[in-house]
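S.K.: Residue 60 in the UniProt record's numbering sits at position 60 of the sequence shown, with consecutive numbering throughout.
Even glycine gets a Cβ: it sits at the ideal position worked out from N, Cα and C.
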Amino acid sequence: MFVKLNHTFKVFRRKIMEGKMKAGRLHAINDIRCDEVDIPQIKDDEVLLKVYCAGICGSDLGRVFSTGTYSFPTTLGHEFGGEIVEIGKGVKDLDLREELKIGQRVDVNPMTGCGKCKDCLNGNINLCDTYGYTGSRSDGGFGQYVAVKATQCYVCPDDFSWDMICQIDPAVISLHGALRAGIKVNDAVVVFGTGPVGYYMVQWANICGARMVIAVDIKDEKLDLIKKVGATYTINSMGMTNEEVVAKIKEYAGEEGPEVCIEAAGSPITFNQALQCLKKHGTFTCIGTPHGDVNILDKSYDKCILRKELTIKGSWCYNFTPEYEEFCATIDAAKKGLLDLTSIISHRFSVDEVKDAFDLIERKEFFNKIVITQDGYEPGK
Numbered sequence: 001m002f003v004k005l006n007h008t009f010k011v012f013r014r015k016i017m018e019g020k021m022k023a024g025r026l027h028a029i030n031d032i033r034c035d036e037v038d039i040p041q042i043k044d045d046e047v048l049l050k051v052y053c054a055g056i057c058g059s060d061l062g063r064v065f066s067t068g069t070y071s072f073p074t075t076l077g078h079e080f081g082g083e084i085v086e087i088g089k090g091v092k093d094l095d096l097r098e099e100l101k102i103g104q105r106v107d108v109n110p111m112t113g114c115g116k117c118k119d120c121l122n123g124n125i126n127l128c129d130t131y132g133y134t135g136s137r138s139d140g141g142f143g144q145y146v147a148v149k150a151t152q153c154y155v156c157p158d159d160f161s162w163d164m165i166c167q168i169d170p171a172v173i174s175l176h177g178a179l180r181a182g183i184k185v186n187d188a189v190v191v192f193g194t195g196p197v198g199y200y201m202v203q204w205a206n207i208c209g210a211r212m213v214i215a216v217d218i219k220d221e222k223l224d225l226i227k228k229v230g231a232t233y234t235i236n237s238m239g240m241t242n243e244e245v246v247a248k249i250k251e252y253a254g255e256e257g258p259e260v261c262i263e264a265a266g267s268p269i270t271f272n273q274a275l276q277c278l279k280k281h282g283t284f285t286c287i288g289t290p291h292g293d294v295n296i297l298d299k300s301y302d303k304c305i306l307r308k309e310l311t312i313k314g315s316w317c318y319n320f321t322p323e324y325e326e327f328c329a330t331i332d333a334a335k336k337g338l339l340d341l342t343s344i345i346s347h348r349f350s351v352d353e354v355k356d357a358f359d360l361i362e363r364k365e366f367f368n369k370i371v372i373t374q375d376g377y378e379p380g381k
């Protein structure tokens with residue numbers, strides 16, 4: 001029986017290796033297409049994953065519409081996981097968190113470091129000057145199959161849907177930001193921007209024990225969703241002055257202001273609002289990619305940063321110290337039902353429709369999270 005099964009698997013493996021697949025590839029700025037390409041062949045330390053869906057990240061918008069990728073064409077997509085269908089012959093010799101097996105569902109950490117610099121050796125791969133990134137510096141999850149290093153894989157429970165798995169990455173980014181902010185029990189936390197990072201940040205703030213979480217955005221549709229996942233108060237700041245936004249926040253948090261503000265919108269306007277509303281010795285954490293130059297108003301600098309002795313921190317992606325694995329912590333929180341990973345998904349497009357997905361974004365139509373699906377995908381499965 002074993003010999004027969006082994007032969008069947010080898011035939012299946014050969015068909016995969018020799019086959020073609022669909023992939024959403026960026027050929028140039030403003031030129032993303034669904035192509036038929038060869039299924040990648042894996043190296044000894046890699047696994048081959050069958051991908052069912054992948055999320056479009058805000059950073060993908062920059063790649064498609066303005067900056068491009070490091071080379072063309074590139075298969076985009078870094079918010080994804082997949083089913084292991086092939087394992088490199090050297091994987092068994094690696095020091096992995098958990099044994100990898102054919103058929104497992106895994107999430108993928110898209111970031112890889114050089115493994116030699118002091119940052120990598122300390123677990124801060126996000127600070128490596130020569131890091132690699134699946135989905136921008138190498139082909140990613142908009143392909144039906146993708147080859148990744150075995151060390152990039154995190155085993156997920158069998159009952160995690162592909163929708164859940166493809167949203168672990170942005171949830172980890174938010175966890176890293178929450179840890180950088182140092183949210184403590186009974187803190188009042190303000191989250192500016194309720195896209196995916198803000199969506200998960202609100203949930204992490206509650207998990208950290210915040211006494212209240214105030215969410216600020218300019219779209220009611222986003223604020224309606226954020227209430228459902230734990231925002232204590234919401235503020236639609238459209239048309240409001242900085243002073244009005246600050247006053248509203250203090251109406252909720254108290255006259256001294258909140259202990260923590262997290263800027264997840266990338267807006268110069270909210271940057272100053274956050275600085276001006278914080279209490280003395282408050283912490284301001286920047287996690288949103290800026291949409292332009294950020295100018296700090298004199299009022300924000302003198303009266304707030306200096307005279308309130310504020311702490312300003314940056315937050316970039318995630319890290320992997322031996323003491324605390326942020327991907328593992330996120331999977332564990334989702335397993336316990338503490339994180340809603342999927343309500344953020346508003347649109348699904350097949351890989352054949354990948355251009356349509358980005359056209360919707362370019363038209364500035366409403367969306368929360370768009371997912372690119374592959375053959376075999378079923379919502380909730």
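Look at the Cβ atom of G141, then the Cβ atom of G77, and state whether they are nearer than 9 Å.
M.R.: Yes, the Cβ-Cβ distance between G141 and G77 is below 9 Å.
S.K.: Taking all protein chains shown into account, decide if V106 is buried (16 or more other Cβ within 10 angstroms of its Cβ) or exposed.
M.R.: Label assigned to V106: buried.
S.K.: Return yes when the Cβ of G58 is within less than 9 Å of the Cβ of C166, no when it is not.
M.R.: In this structure, G58 does not lie closer than 9 Å to C166 by Cβ.
S.K.: Check whether the segment 60-75 touches the segment 113-121, taking contact to mean three or more Cβ pairs, one atom from each stretch, closer than 8 Å.
M.R.: Output reads no: the segment 113-121 does not touch the segment 60-75.
S.K.: Below 8 Å on the Cβ atoms is my contact criterion, and I expect K43 with G88 to pass it. Report the Cβ-Cβ distance as a whole number of Å.
M.R.: Their Cβ separation, rounded to whole angstroms, is 6 Å, which keeps K43 and G88 in contact under 8 Å.
S.K.: State the DSSP-derived secondary structure class of D44, mapped to helix, strand or coil.
M.R.: In this structure, D44 counts as coil in the three-state DSSP scheme.
S.K.: For K228, which option in V202, V108, V351 has the closest C-alpha, if you only look at C-alpha atoms?
M.R.: The shortest C-alpha separation from K228 is found at V202.
S.K.: Please name the residue, chosen from I125, W162, Y200, that lies closest to T151 on a Cα-to-Cα basis.
M.R.: Per the Cα distances, I125.
S.K.: Mind reading off the beta-carbon distance from M111 to C317? Whole number of angstroms is fine, and I expect it under 8 Å.
M.R.: So it is a contact: roughly 6 Å between Cβ atoms.
S.K.: Quick one: what does DSSP say G288 is sitting in, helix, strand or coil?
M.R.: Of the three classes helix, strand and coil, the one that applies to G288 here is coil, per DSSP.
S.K.: Verify whether the separation of the beta carbon atoms of Q380 and D60 is less than 9 Å.
M.R.: Position check: residue 380 holds Gly in this sequence, whereas Gln was assumed. The answer is no: Cβ separation not under 9 Å.
S.K.: Output yes or no for whether 9 Å exceeds the beta carbon distance between A171 and V191.
M.R.: Taking 9 Å as the Cβ cut-off, A171 and V191 do not qualify as a contacting pair.
S.K.: Do K184 and G143 have their C-beta atoms closer together than 9 Å?
M.R.: Going by C-beta atoms, K184 is not nearer than 9 Å to G143.
S.K.: Is K355 closer than 9 Å to R33 when the C-beta atoms are compared?
M.R.: Yes.
S.K.: For D220, I'd like the list of residues in its chain whose CB is within less than 7 Å of its CB, leaving aside the five on either flank, ordered along the chain.
M.R.: Taken in chain order, the residues that qualify are N236.
S.K.: Could you give the residue range of the beta strand (DSSP E) that holds E326?
M.R.: Note, E326: premise wrong, no beta strand (DSSP E); alpha helix (DSSP H) at 326-335.
S.K.: Express the C-alpha separation of Q273 and T311 in angstroms, rounding to a whole number.
M.R.: Going by the C-alpha atoms only, they are around 15 Å apart.
S.K.: Can you give the Cα-Cα distance for F2 and E83, rounded to whole angstroms?
M.R.: The pLDDT assigned to F2 is 48, lower than 50, so where the model puts this residue is not dependable; a value taken from the coordinates is nonetheless given after this. So the two alpha carbons sit approximately 22 Å from each other.
S.K.: Please state whether the Cβ-Cβ distance between residue 384 and I218 is less than 9 Å.
M.R.: No information on residue 384 is available, as it lies outside the stretch 1 to 381 that the chain covers here.
S.K.: Could you tell me which of C277, L306, Y233 sits nearest to A247, measuring between CA atoms?
M.R.: Nearest of C277, L306, Y233 to A247, Cα basis: C277.
S.K.: For T376, which residues from the same chain have a beta carbon less than 7 Å from its beta carbon, with the 5 sequence-adjacent residues on both sides left out?
M.R.: Checking the sequence shown, residue 376 turns out to be Gly, not Thr. For G376, where only same-chain residues beyond five positions count, the Cβ hits under 7 Å are Y52.
S.K.: By alpha-carbon positions, which one of L297, L100, T234 ends up nearest to V189?
M.R.: When each option's Cα is compared against that of V189, the closest is T234.
S.K.: Which residues in the same chain have their Cβ closer than 6 Å to the Cβ of H347, if we skip the five residues on either side of it in sequence?
M.R.: Same-chain partners within the cutoff: F367, I370.
S.K.: Which class does S138 belong to by DSSP, given the choice of helix, strand or coil?
M.R.: Of the three classes helix, strand and coil, the one that applies to S138 here is strand, per DSSP.
S.K.: Determine the burial state of Y70: buried for a count of at least 16 other Cβ atoms within 10 Å of its Cβ, exposed for fewer.
M.R.: Exposed, because fewer than 16 other Cβ atoms sit within 10 Å of the Cβ of Y70.
S.K.: Does the Cβ-Cβ distance between E256 and K280 come in under 9 Å?
M.R.: Their beta carbons are under 9 Å apart, which means E256 touches K280 by this criterion.
S.K.: Does DSSP classify I183 as helix, strand or coil?
M.R.: Three-state result, I183: coil.
S.K.: Mapping the DSSP letters down to three states, classify N232 as helix, strand or coil.
M.R.: In the sequence as displayed, the identity of residue 232 is Thr instead of Asn. Looking at T232 - three-state DSSP - the assignment turns out to be coil, as it is neither helix nor strand.
S.K.: What separation, rounded to the nearest whole angstrom, lies between the Cα atoms of Y133 and D352?
M.R.: Roughly 24 Å between the two C-alpha positions.
S.K.: A264 and G292: beta carbons closer than 9 Å?
M.R.: No, the Cβ-Cβ distance between A264 and G292 is not below 9 Å.
S.K.: Alpha carbons only, please: which of T241, P40, Y131, L360 is nearest the one belonging to Y145?
M.R.: Looking at the Cα atoms, P40 is the closest of the given residues.
S.K.: Short check: CB of G349 to CB of K313, under 9 Å?
M.R.: Note on identity: in this sequence residue 349 is Phe, with Gly being the wrong assignment. No, they are not a contact pair.
S.K.: Look up C53 in the DSSP assignment and give the residues it is bridged to.
M.R.: Paired residue(s): T373.
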